[in-house]
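K.L.:
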Ligand code: MIC
Ligand code: SF4
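Residue numbers (our numbering): 40 to 694.
1. For the candidate residues 473, 593 and 294, whose alpha-carbon lies nearest to that of residue 501?
2. Would you mind reading off the limits of the beta strand (DSSP E) that contains residue 131?
3. So, with DSSP's three-state summary, where would you put residue 207?
4. Quick check on residue 85: does DSSP put it in helix, strand or coil?
5. Please confirm whether residue 140 and residue 251 have their CB atoms less than 8 Å apart.
6. Have a look at residue 343 and residue 315 and give me their C-alpha separation to the nearest angstrom.
7. For residue 505 versus residue 232, is the C-beta spacing smaller than 8 Å?
8. Thinking residue 583 and residue 158 are a contact (beta carbons under 8 Å), I'd like their distance in whole angstroms, please.
9. From 275, 304 and 518, pick the residue whose C-alpha is nearest to that of residue 465; which is it?
10. Closer than 6 Å by C-beta to residue 370: which residues in its own chain qualify, once you throw out the five before and the five after it? Chain order, please.
11. Can the beta-carbon of residue 333 be found less than 8 Å from the beta-carbon of residue 320?
12. I'd like to know if the stretch 672-682 and the stretch 612-626 are in contact, where contact means that at least 3 CB-CB pairs between them fall below 8 Å.
13. What distance in whole Å lies between the Cβ atoms of residue 284 and residue 153, which are believed to be in contact at a cut-off of 8 Å?
14. Between residue 173 and the ligand GTP, is there a pair consisting of the residue's CB and a ligand heavy atom that are separated by less than 7 Å?
15. Within 7 Å: the Cβ of residue 529 and any heavy atom of the ligand SF4?
16. So, is residue 109 buried or exposed, given that buried needs 16 or more other C-beta atoms within 10 angstroms?
17. Helix or strand or just coil, what does DSSP make of residue 348?
18. Of all the options 374, 589, 579 and 168, which has the alpha carbon lying nearest to the alpha carbon of residue 467?
19. Grouping DSSP H, G and I as helix and E and B as strand, with all else coil, what is residue 293?
20. Quick check: the Cα distance between residue 151 and residue 218, rounded to an integer number of angstroms?
21. Can you check DSSP and say which residues form a bridge with residue 601?
22. Does the beta carbon of residue 143 fall short of 7 Å from some heavy atom of the ligand MIC?
23. Excluding the five sequence neighbours on either side, which residues of its own chain have a C-beta within less than 6 Å of the C-beta of residue 230, listed in chain order?
24. Is the distance from the Cβ of residue 434 to the Cβ of residue 510 below 8 Å?
25. Rounded to the nearest angstrom, what separates residue 452 and residue 403 at their Cα positions?
26. Kindly confirm or deny that the stretch 358-370 and the stretch 73-92 touch, where touching means at least three C-beta pairs closer than 8 Å.
27. Compute the beta-carbon to beta-carbon distance between residue 533 and residue 540, rounded to the nearest angstrom, for a pair I have assumed lies under 8 Å.
28. Who does residue 194 pair with in a DSSP beta bridge?
29. Output the residue ranges of the alpha helix (DSSP H) runs that lie fully inside the stretch 422-469 and measure 4 residues or longer, sorted by chain position.
30. For the beta strand (DSSP E) that residue 330 lies in, which residues bound it at each end?
31. Can you tell me the Cα-Cα spacing of residue 292 and residue 352, whole angstroms?
32. Suppose the cutoff is 6 Å on Cβ atoms and the five residues either side in sequence are ignored; what does the same chain contact list for residue 323 look like?
33. Can you look up residue 255 in the DSSP assignment and give me helix, strand or coil?
34. Would DSSP call residue 655 helix, strand or coil?
35. Go ahead and pull the three-state DSSP assignment for residue 486.
36. Which residues in the same chain as residue 272 place their Cβ atom closer than 7 Å to its Cβ, once the five residues preceding and following it in sequence are excluded?
Structure representation (structure tokens):
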């Protein structure tokens with residue numbers, strides 16, 4: 040009998056497979072979401088499938104990332120997304136309405152439902168008892184077409200929360216503590232399921248903040264039960280009808296249980312470079328701060344921003360600091376206004392942005408050279424802020440508020456009495472902000488509007504029988520998708536233009552990459568038109584952007600050989616026909632170098648025969664085999680066929 044929350048939801052949606060860790064399962068998807076930076080490509084893929092109307096109960100196209108309109112590109116993309124939604128029966132959440140995850144939780148989140156979204160922080164909805172997964176745009180397009188979502192069944196890790204958070208310590212510190220303990224690799228292949236006596240003190244937005252940054256642990260997703268707190272949240276949203284109790288019936292069934300005593304936590308920060316560089320704030324205290332940004336899908340709820348407003352009431356932002364607040368949704372902003380929180384924030388010197396992602400993805404708000412920036416965001420991968428050599432600390436709204444007031448990293452308890460923030464008895468909920476789907480007949484008559492930046496999906500060629508190519512790049516551990524294909528205000532507008540965006544492939548790791556590969560492909564070595572990428576552990580962590588698979592593929596990358604992959608990137612590679620290989624002996628990593636010629640003999644046949652260990656030849660300058668290593672390929676039959684055909688779209692179209 041299904042006992043954990045994950046199993047209960049999966050069981051109720053299961054289409055194929057068994058709920059055993061390591062087995063491929065397929066289940067039905069109730070909701071989908073996309074955001075503008077991944078949505079354009081996802082809908083181009085959906086259109087290529089020739090389906091007349093989106094199939095899920097709820098399908099929403101959000102616009103939250105590419106909010107700066109420095110030329111026609113982002114505006115064209117948004118118009119495309121609006122007309123796509125109208126044409127295919129989707130909801131449309133326009134720019135300024137808020138961050139997809141925050142808005143989805145507020146307006147659509149429902150316990151017991153399944154959701155996939157083309158954004159790695161889709162698990163935020165797990166705070167409200169949904170089983171929600173980040174996925175590539177193509178997986179979302181397939182779900183829109185009514186296909187199930189395929190997943191290798193993860194292990195379920197129980198996280199038992201006990202105690203009560205002390206004053207000035209909040210949900211962000213809980214997830215930072217987990218990052219400190221487990222690191223950015225610790226959640227891989229796992230679903231984190233939260234339980235324990237502390238849950239009664241944690242509201243849905245607080246839970247959502249914890250579930251959100253499970254993505255930084257590399258977890259497949261995170262989920263909370265649906266209990267009284269969930270009921271309270273849905274009541275405030277005027278959606279009592281969506282409530283149902285969802286509780287874990289067998290806590291003994293977790294593969295492993297870890298415990299966090301909330302009462303023992305103290306304010307924490309993730310130091311620059313990685314979300315798991317976590318130390319107590321007191322260890323970084325005194326670090327001078329120039330910028331404080333409060334917002335992102337992790338920390339932009341009514342509670343989070345009210346705490347900041349109350350902490351800043353009657354105070355002034357330090358003269359060195361630029362404090363900027365990015366509300367999570369228009370609903371949050373409206374309720375802040377109603378609660379009288381905007382005046383104290385403005386008086387303190389805060390700048391208030393329209394709801395959206397903004398600086399979290401480098402869409403503005405870049406810090407100055409050498410400036411320390413304290414952010415309540417999700418990720419501080421090097422350069423993600425838009426500034427080279429950036430110094431970004433991740434912290435709770437409480438710690439961020441203290442940094443804004445004192446101009447340095449400091450324990451927020453220095454701010455005195457902890458303000459009490461209760462959810463208001465009446466919450467302003469305005470259902471008109473999201474445009475509902477058009478009736479089917481009317482929808483058929485809608486013309487989808489595309490600008491010149493919207494370039495159709497490329498044809499992807501099948502895998503040859505024997506593959507030969509050069510090692511184009513050798514990377515280390517924990518390569519992020521920001522390393523593979525950065526975001527930021529210059530590059531994000533190119534998300535619907537593959538030929539243009541591919542010019543930025545690996546530009547962070549190796550600025551000469553595209554030029555070098557271009558020379559190779561067009562130069563004398565015509566036979567070696569395709570390349571291989573070598574990497575270390577946790578390759579492809581971070582964002583769900585499928586451009587990090589598709590752009591290298593477009594340039595000719597046919598395989599990636601690494602020590603281990605991050606889940607969503609792995610799924611994206613498979614979707615676009617890139618062979619994902621891992622070392623049988625990780626020591627062989629040292630035998631590979633850039634510019635070597637490598638070969639996979641009879642790869643197509645071996646792949647389709649289901650072989651899971653393959654010979655991988657390293658050739659010498661004379662073209663003869665210098666060394667043979669063994670590599671692993673861990674794929675289902677469906678995935679093998681997909682790669683042989685050159686990608687999922689070729690499979691859907693019938694090869
Ligand atoms: C991110 O936080 O990195 C993003 C931008 O939201 C991405 C999606 C993208 O690259 O468009 C994510 O988390 O998946
Ligand atoms: Fe937006 Fe940042 Fe959340 Fe990504 S992590 S969805 S960029 S707020």
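From the three backbone atoms N, C-alpha and C, an ideal C-beta is built for every residue, glycine too.
Please read all numbers here as calculations on a predicted model, not as lab measurements.
P.N.:
The answer reads as follows:
1. Along the chain shown, read from residue 1 onward, the residue named residue 501 stands at position 462. Selected option, being the one with the closest Cα: 593.
2. Reading the chain shown from its first residue, position 92 is the one you call residue 131. It spans 130-132 - the beta strand (DSSP E) in which residue 131 sits, taken as one unbroken run.
3. As a first step, residue 207 is located in the chain shown; it is residue number 168 there, counting from the start. Three-state result, residue 207: coil.
4. Working through the chain shown from its first residue, we reach residue 85 at position 46. Residue 85 falls in the helix class under three-state DSSP.
5. Along the chain shown, read from residue 1 onward, the residue named residue 140 stands at position 101. Along the chain shown, read from residue 1 onward, the residue named residue 251 stands at position 212. For residue 140 and residue 251, yes; Cβs fall inside 8 Å.
6. Locating residue 343 in the chain shown gives position 304, where the first residue counts as 1. Locating residue 315 in the chain shown gives position 276, where the first residue counts as 1. Approximately 22 Å, taken between the alpha carbons.
7. The count along the chain shown starts at 1 and reaches residue 505 at position 466. The count along the chain shown starts at 1 and reaches residue 232 at position 193. Note that the C-beta distance between residue 505 and residue 232 is not below 8 Å.
8. The residue you call residue 583 lines up with position 544 of the chain shown. The residue you call residue 158 lines up with position 119 of the chain shown. About 6 Å; that satisfies the 8 Å criterion.
9. Residue mapping note: residue 465 aligns to position 426 of the chain shown, counting from 1. Checked all of 275, 304 and 518; the closest Cα to residue 465 is 275.
10. In the chain shown, counting from the first residue as 1, residue 370 sits at position 331. A distance below 6 Å between beta-carbons, with the five flanking residues on each side excluded, links residue 370 to the following residues of its chain, in chain order: 145.
11. Here residue 333 corresponds to residue number 294 of the chain shown, with the count starting at 1. Here residue 320 corresponds to residue number 281 of the chain shown, with the count starting at 1. No, the pair does not count as a contact, with Cβ atoms beyond the cut-off.
12. Flag = yes, the stretch 672-682 and the stretch 612-626 touch.
13. Translated into positions along the chain shown, residue 153 becomes position 114. Translated into positions along the chain shown, residue 284 becomes position 245. Actually they are not in contact, since the Cβ atoms of residue 153 and residue 284 sit about 18 Å apart, beyond 8 Å.
14. Within the structure as shown, the ligand GTP is missing, the only ligands being the ligand MIC and the ligand SF4.
15. The count along the chain shown starts at 1 and reaches residue 529 at position 490. For residue 529, the shortest C-beta to heavy atom distance toward the ligand SF4 is 7 Å or greater.
16. As a first step, residue 109 must be located in the chain shown, where it is residue number 70. Result: exposed.
17. On the chain shown, residue 348 is found 309 positions in, with the first residue counted as 1. It is helical.
18. Here residue 467 is taken as the residue at index 428 of the chain shown, counted from 1. Taking only the C-alpha atoms, the option nearest residue 467 is 374.
19. In the chain shown, the residue the question calls residue 293 occupies position 254. Reduced to three states, the DSSP call for residue 293 is coil.
20. As a working mapping, residue 151 is identified with position 112 in the chain shown. As a working mapping, residue 218 is identified with position 179 in the chain shown. Straight-line Cα distance between these residues: approximately 27 Å.
21. Position 562 of the chain shown, counting from 1, holds the residue named residue 601. Note: residue 601 sits in a beta bridge opposite 621.
22. As a first step, residue 143 is located in the chain shown; it is residue number 104 there, counting from the start. Incorrect: residue 143 has no Cβ contact closer than 7 Å to the ligand MIC.
23. Translated into the one-based positions of the chain shown, residue 230 becomes position 191. Close CB contacts of residue 230 within its chain, under the 6 Å cut and outside five residues either way in sequence, are with 45, 193, 195, 259 and 260 (chain order).
24. Start at 1 with the first residue of the chain shown, and residue 434 comes out as number 395. Start at 1 with the first residue of the chain shown, and residue 510 comes out as number 471. The criterion of a C-beta distance shorter than 8 Å is not satisfied by residue 434 and residue 510.
25. Position 413 of the chain shown, counting from 1, holds the residue named residue 452. Position 364 of the chain shown, counting from 1, holds the residue named residue 403. C-alpha separation (whole angstroms): 31 Å.
26. no
27. Locating residue 533 in the chain shown gives position 494, counting from the first residue. Locating residue 540 in the chain shown gives position 501, counting from the first residue. Between residue 540 and residue 533 the Cβ distance is about 4 Å, and since that is below 8 Å, they are a contact.
28. As a first step, residue 194 is located in the chain shown; it is residue number 155 there, counting from the start. Note: residue 194 sits in a beta bridge opposite 229.
29. 436-445
30. On the chain shown, residue 330 is found 291 positions in, with the first residue counted as 1. The continuous beta strand (DSSP E) containing residue 330 extends over residues 330-333.
31. One-based indexing of the chain shown puts residue 292 at position 253. One-based indexing of the chain shown puts residue 352 at position 313. Near 47 Å, if we compare the C-alpha coordinates of residue 352 and residue 292.
32. Here residue 323 is taken as the residue at index 284 of the chain shown, counted from 1. Only 308 and 448 meet the Cβ criterion.
33. Here residue 255 is taken as the residue at index 216 of the chain shown, counted from 1. Here residue 255 sits in helix by DSSP.
34. Here residue 655 refers to the residue found at position 616 of the chain shown. Residue state, collapsed to three classes: strand.
35. Here residue 486 is taken as the residue at index 447 of the chain shown, counted from 1. Here residue 486 sits in coil by DSSP.
36. Counting from 1 along the chain shown, the entry for residue 272 is found at position 233. Cβ neighbours of residue 272 beyond the five flanking positions: 167, 242 and 243.
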